[in-house]
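Chemist: Residue numbers (the working numbering), protein chains in the order written: chain A, 1 to 345; chain B, 1001 to 1345. Note that CB positions come from ideal geometry on N, CA and C, so glycine has one too.
Protein chains: 2
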Amino acid sequence: MARHDRPEGAALAALPVAVDAMGGDRAPGEIVGGARRARDERGIDVVLVGRPGDMGDTGGLPEIHAGEVIGMDDDPAQGVRRKKDSSLVRAAEAVRDGRALAMVSAGNTGAAMASALLRMGRLPGVIRPAIATPIPNPGGDRPPTVLLDSGANAECTPQMLVQFARMGAVFARCRYGTARPHVALLSIGEEKSKGTPLVKEAHAMLASGAGGPGLEFTGNVEGRDFFHGVVDVVVTDGFTGNVALKTMEGSMGFLVAALGAVLARDDVREAAEKILPHLLPLAGALDPEGTGGAMLLGVDGVCVISHGSSSATAVVNAITVAHDLAVSGLVRDVAAAVTADPTPA
Amino acid sequence: MARHDRPEGAALAALPVAVDAMGGDRAPGEIVGGARRARDERGIDVVLVGRPGDMGDTGGLPEIHAGEVIGMDDDPAQGVRRKKDSSLVRAAEAVRDGRALAMVSAGNTGAAMASALLRMGRLPGVIRPAIATPIPNPGGDRPPTVLLDSGANAECTPQMLVQFARMGAVFARCRYGTARPHVALLSIGEEKSKGTPLVKEAHAMLASGAGGPGLEFTGNVEGRDFFHGVVDVVVTDGFTGNVALKTMEGSMGFLVAALGAVLARDDVREAAEKILPHLLPLAGALDPEGTGGAMLLGVDGVCVISHGSSSATAVVNAITVAHDLAVSGLVRDVAAAVTADPTPA
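#1: Looking at the unbroken beta strand (DSSP E) that takes in Gly1107(B), where does it start and where does it end?
#2: Which first and last residues belong to the beta strand (DSSP E) in which Met295(A) is found?
#3: Check the Cβ-Cβ distances between Arg128(A) and every residue of chain B, and say whether any is below 7 Å.
#4: Quick one: list the residues of chain B neighbouring Lys274(A), beta-carbon separation under 7 Å, in chain order.
#5: Opposite Glu216(A) in the DSSP bridges: which residues?
#6: Buried or exposed for Asp20(A), going by 16 or more other Cβ atoms inside 10 Å?
#7: Strictly by DSSP, which residues pair up with Val46(A)?
#8: What residue does the alpha helix (DSSP H) around His1203(B) start on, and which one ends it?
#9: Give me the subset of the stretch 65 to 90 of chain A whose CB atoms are less than 9 Å from a CB atom of chain B, sorted by chain position.
#10: Going by the DSSP bridge assignment, what does Leu1148(B) pair with across the sheet?
#11: Just the Cα atoms here: how many angstroms apart are Met1001(B) and Thr1109(B)?
#12: When you compare only the Cα positions, how much space is there between Ala94(A) and Gly34(A)?
#13: Are Val146(A) and Pro134(A) closer than 7 Å when you measure CB to CB?
#14: Determine, using beta carbons only, whether Val17(A) and Leu101(A) come nearer to each other than 7 Å.
#15: Taking C-beta pairs closer than 7 Å, name the residues in chain B that Lys246(A) reaches, listed in chain order.
#16: For Val304(A) versus Gly293(A), is the C-beta spacing smaller than 7 Å?
#17: Output the distance between the C-alpha atoms of His323(A) and Ile44(A), rounded to the nearest integer angstrom.
#18: Would you report the Cα separation of Asp1341(B) and Leu1206(B), rounded to the nearest angstrom?
#19: If you check the beta carbons only, do Leu185(A) and Val170(A) fall under 7 Å apart?
#20: If we define contact as Cβ-Cβ less than 7 Å, is Asn137(A) a contact residue for chain B?
#21: Name the DSSP beta bridge partners of Ala102(A), please?
#22: Taking only the alpha-carbon atoms, compute the straight-line gap between Phe239(A) and Asp333(A) and give it to the nearest angstrom.
#23: I'd like to know whether the C-beta of Phe254(A) is nearer than 7 Å to at least one C-beta of chain B.
#24: Expressed to the nearest angstrom, what Euclidean distance is found between the alpha-carbon atoms of Ala335(A) and Asp73(A)?
#25: Can you look up Val1304(B) in the DSSP assignment and give me helix, strand or coil?
#26: I need the boundaries of the alpha helix (DSSP H) containing Ile1275(B), first residue and last residue.
#27: Looking only at C-alpha atoms, which of Asp287(A), Arg51(A), Pro158(A) and Gly60(A) sits nearest to Gly195(A)?
#28: For Leu282(A), would you say it is in contact with chain B, using Cβ-to-Cβ distances shorter than 7 Å as the test?
#29: For Val89(A), which residues of its own chain have a beta-carbon under 7 Å away from its beta-carbon, when the five flanking residues on both sides are left out?
#30: What are the residues in the stretch 296 to 314 of chain A lying within 8 Å of chain B by C-beta distance?
#31: Assign His4(A) to buried or exposed, taking buried as 16 or more other Cβ atoms, counted over all protein chains shown, within 10 Å of its Cβ.
#32: Buried or exposed: Gly1212(B), going by 16 or more other Cβ atoms within 10 Å of its Cβ?
#33: Where do the ends of the beta strand (DSSP E) carrying His1065(B) lie?
#34: The alpha helix (DSSP H) spanning Leu1088(B) covers which residue range?
#35: Would you check if there are 3 or more beta carbon pairs closer than 8 Å linking the stretch 1213 to 1231 of chain B to the stretch 177 to 192 of chain A?
#36: When you compare the CB of Leu147(A) with every CB in chain B, is at least one pair closer than 7 Å?
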């Protein structure tokens, strides 16, 4: 499915990952720092995309110049349309033109998505690309659960949810090595009669094998099933997915902050010092910095979108994920999964 | 708006709260225990509804007999249709017939809702009743945030969301004394352009004063705004609301369990004993046992639905809330709010 003029195989793997040096709350410092570390510590080739002279100490990394920046609060569609020389648009063009292996940005999520969609284009057969976000499953043996769509499409059709199931299963396989991912729909009850007409129709289609041969459809899960590794992929529309994701972040963030306030009390300092080391593995497992960011599935190229607050460490992880997924042939596999025949029920 | 044959004023306040003795994971023991405590500790009159002889030690509480029980896993609509002599249906009939002030159940939520709807009936002008659930705001000065609809209606129209806003504002006022509740829509961005067509249309209507005179519409909030007391009432469709509520429960529950496992380690026992007392206020504030349960708004009577796992303490709180809201005239105020004229924008 790759365009003719794009490198493949070894030539593809030799390309650098294009990093949007200007995107993110802590850009360019942490972003460029992460890019340098990805090269130095992981041996991954990186090209920085940004305003010449505005990227700080690039450590000699190659650069693609872009004169504009789409801000975190800019309207995504307008930003991409008006700022054709922005770092996001240039990064997406580098992938399209075969000058970069993949793109990574911690900037405006909507604009990153729009840049990738408009410049790389949709894969054949894809109705709408979706954002896949890994939700950690701390404490268990299971890799993160992939939630999609976590915000690209507020409105969805059952056919789109079926494609999300197919694309999410490929992502779980390429990213976590799950041979035959268990895929579920997010609903408000486990019974197939529960939920909106959208969910019920998607349920009927997936139960009839519309998900294709690469996945195991297991029915509905509920909001309380996150963090328990019940399934490998949770499929929902981008409105519900975004609400669920932000509700998780908010709930966890609130509780972590409240716990932190208790542990910071002067009168429990010694006790806190004993407890903290045991909490660190959990904190590490839950930290979005470690998951490598979300990914736009369904476009003709790899686009990893990191959290806006990304540190250098988060950027290193995002670059590594982008590199590995691009080399693993994720885009080719997504293209194949989307157009594969359904399996008989 | 009350039916003619129902008591009002002092005669109303003298009626007992009908408690479904058979509903809930820990029924009848904890339910009946809670009913007894509500009478003994709070001086609230209670009537138990259930199978004679199957309610355990009733402590001499009056009883309304019901020969059937709708199980936690029974289909709600079928259960109510087929089990006309069930404790849930009989409890709702007691309210309808002026023999009880309000009903409380920790049983099958859908069946409690269906019983109340079918036996008490909708208030004039109400399109569809909605479930209002209080979300605690620990640490701040604000009372819980009211989330509705948290599960009654998977599909909603903008007109329904506007009514939910009106009903939720009355609930916040009656339950927490908030004079002019701040009401927001749950969406995936604060801008009015964000969200589904449903949310955008409801936003336009509420911004034009469709919520009526009793509330302040403040726009959109996101999933991460729960637990921070940003607004008094959050309005959404029952699918999104239920996903958000269960995602909160799941996230919090996961983190609390993980923290509990750390604090239970033998090698940190002394430290844990120092820390735990400081965590208890937070745990107490977050405990759904303390909030008194969810409430079905829009029916012609007070129906409080407690968590399925309710203990006697949760039942005491639910009975108290049901009693206080019924006496405060909540139903009358909801009826008035639903039919009030819009305010000019």
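Modeler: In short, the structure shows the following:
#1: Taking the second sequence and counting its residues from 1, one reaches residue 1107(B) at position 107. Taken as a continuous stretch (DSSP letters only), Gly1107(B) belongs to no beta strand (DSSP E), as it is neither H nor E.
#2: Position 295 of the first sequence, counting from 1, holds the residue named residue 295(A). Per DSSP, Met295(A) belongs to the beta strand (DSSP E) from Ala294 to Leu297.
#3: Here residue 128(A) refers to the residue found at position 128 of the first sequence. Put simply, the CB of Arg128(A) is far from chain B, with every gap to its CB atoms at 7 Å or more.
#4: Reading the first sequence from its first residue, position 274 is the one you call residue 274(A). By Cβ distance, chain B contributes Val1268 and Ala1271.
#5: Position 216 of the first sequence, counting from 1, holds the residue named residue 216(A). Answer by DSSP bridge pairing, in chain order: His182(A).
#6: For the purposes of this step, residue 20(A) is identified with residue 20 of the first sequence, where counting begins at 1. By the neighbour-count definition (other C-beta atoms within 10 Å, threshold 16), Asp20(A) is a buried residue.
#7: Position 46 of the first sequence, counted from the start, is the residue given in the question as residue 46(A). DSSP lists Val17(A) as partners of Val46(A).
#8: Within the second sequence, numbered from 1, the residue matching residue 1203(B) stands at position 203. Where His1203(B) is concerned, the enclosing alpha helix (DSSP H) stretches over Pro1197 to Ala1207.
#9: Asp75
#10: To locate residue 1148(B), count along the second sequence from 1; it is residue 148. In DSSP, Leu1148(B) forms a bridge with Ala1132(B) and Val1235(B).
#11: Indexing the second sequence from 1 puts residue 1001(B) at position 1. Indexing the second sequence from 1 puts residue 1109(B) at position 109. Low per-residue confidence applies at Met1001(B): pLDDT is 39, beneath 50, and the placement is therefore not dependable, though the value from the model is reported in the following sentence. Rounded to whole angstroms, the gap between the alpha carbons of Met1001(B) and Thr1109(B) is 25 Å.
#12: As a position in the first sequence, residue 94(A) is number 94, starting the count at 1. As a position in the first sequence, residue 34(A) is number 34, starting the count at 1. Using only the alpha carbons, I get a separation of about 20 Å.
#13: Here residue 146(A) is taken as the residue at index 146 of the first sequence, counted from 1. Here residue 134(A) is taken as the residue at index 134 of the first sequence, counted from 1. Against a cut-off of 7 Å, the Cβ pair of Pro134(A) and Val146(A) comes out as a contact.
#14: Locating residue 17(A) in the first sequence gives position 17, counting from the first residue. Locating residue 101(A) in the first sequence gives position 101, counting from the first residue. Taking 7 Å as the Cβ cut-off, Val17(A) and Leu101(A) qualify as a contacting pair.
#15: By 1-based counting over the first sequence, the position of residue 246(A) is 246. Residues of chain B passing the Cβ test: Glu1222, Gly1223 and Arg1224.
#16: Along the first sequence, one-based indexing puts residue 304(A) at 304. Along the first sequence, one-based indexing puts residue 293(A) at 293. Contact: yes.
#17: Here residue 323(A) is taken as the residue at index 323 of the first sequence, counted from 1. Here residue 44(A) is taken as the residue at index 44 of the first sequence, counted from 1. Roughly 8 Å between the two C-alpha positions.
#18: Counted from its first residue, the second sequence places residue 1341(B) at position 341. Counted from its first residue, the second sequence places residue 1206(B) at position 206. Their Cα atoms are separated by approximately 13 Å.
#19: By 1-based counting over the first sequence, the position of residue 185(A) is 185. By 1-based counting over the first sequence, the position of residue 170(A) is 170. No, the Cβ-Cβ distance between Leu185(A) and Val170(A) is not below 7 Å.
#20: In the first sequence, residue 137(A) corresponds to position 137, counting from 1. No, its Cβ sits nowhere closer than 7 Å to a Cβ of chain B.
#21: Here residue 102(A) refers to the residue found at position 102 of the first sequence. In the DSSP output, where bridge partners are listed per residue, Ala102(A) has Val17(A).
#22: The sequence position of residue 239(A) within the first sequence is 239, counting from 1. The sequence position of residue 333(A) within the first sequence is 333, counting from 1. Rounded to the nearest angstrom, the two C-alpha atoms are 26 Å apart.
#23: As a working mapping, residue 254(A) is identified with position 254 in the first sequence. Chain B contact via Cβ: present.
#24: To locate residue 335(A), count along the first sequence from 1; it is residue 335. To locate residue 73(A), count along the first sequence from 1; it is residue 73. Answer to the nearest angstrom: the Cα atoms are 32 Å apart.
#25: Here the question's residue 1304(B) lines up with position 304 in the second sequence. Strand.
#26: Reading the second sequence from its first residue, position 275 is the one you call residue 1275(B). For Ile1275(B), the uninterrupted alpha helix (DSSP H) segment begins and ends at Arg1269 to Leu1286.
#27: Within the first sequence, residue 195(A) is the residue found at index 195, counting from 1. Measuring from the Cα of Gly195(A), the nearest candidate turns out to be Pro158(A).
#28: Looking up residue 282(A) in the first sequence gives position 282. Yes, its Cβ sits closer than 7 Å to a Cβ of chain B.
#29: Position 89 of the first sequence, counting from 1, holds the residue named residue 89(A). Same-chain partners within the cutoff: Val80, Lys83, Ser115 and Arg119.
#30: none
#31: Along the first sequence, read from residue 1 onward, the residue named residue 4(A) stands at position 4. Unreliable placement is indicated for His4(A), whose pLDDT of 41 sits below 50; the coordinate value is still reported in the next sentence. His4(A) is exposed by the Cβ-count criterion.
#32: As a first step, residue 1212(B) is located in the second sequence; it is residue number 212 there, counting from the start. Taking all protein chains shown into account, Gly1212(B) has 16 or more neighbouring C-beta atoms within 10 Å of its C-beta and is therefore buried.
#33: Mapped onto the second sequence, residue 1065(B) falls at position 65. Where His1065(B) is concerned, the enclosing beta strand (DSSP E) stretches over Glu1063 to His1065.
#34: To locate residue 1088(B), count along the second sequence from 1; it is residue 88. Looking at the DSSP string, the run of the alpha helix (DSSP H) that includes Leu1088(B) is Ser1087 to Arg1096.
#35: no
#36: Within the first sequence, residue 147(A) is the residue found at index 147, counting from 1. Closer than 7 Å: no.
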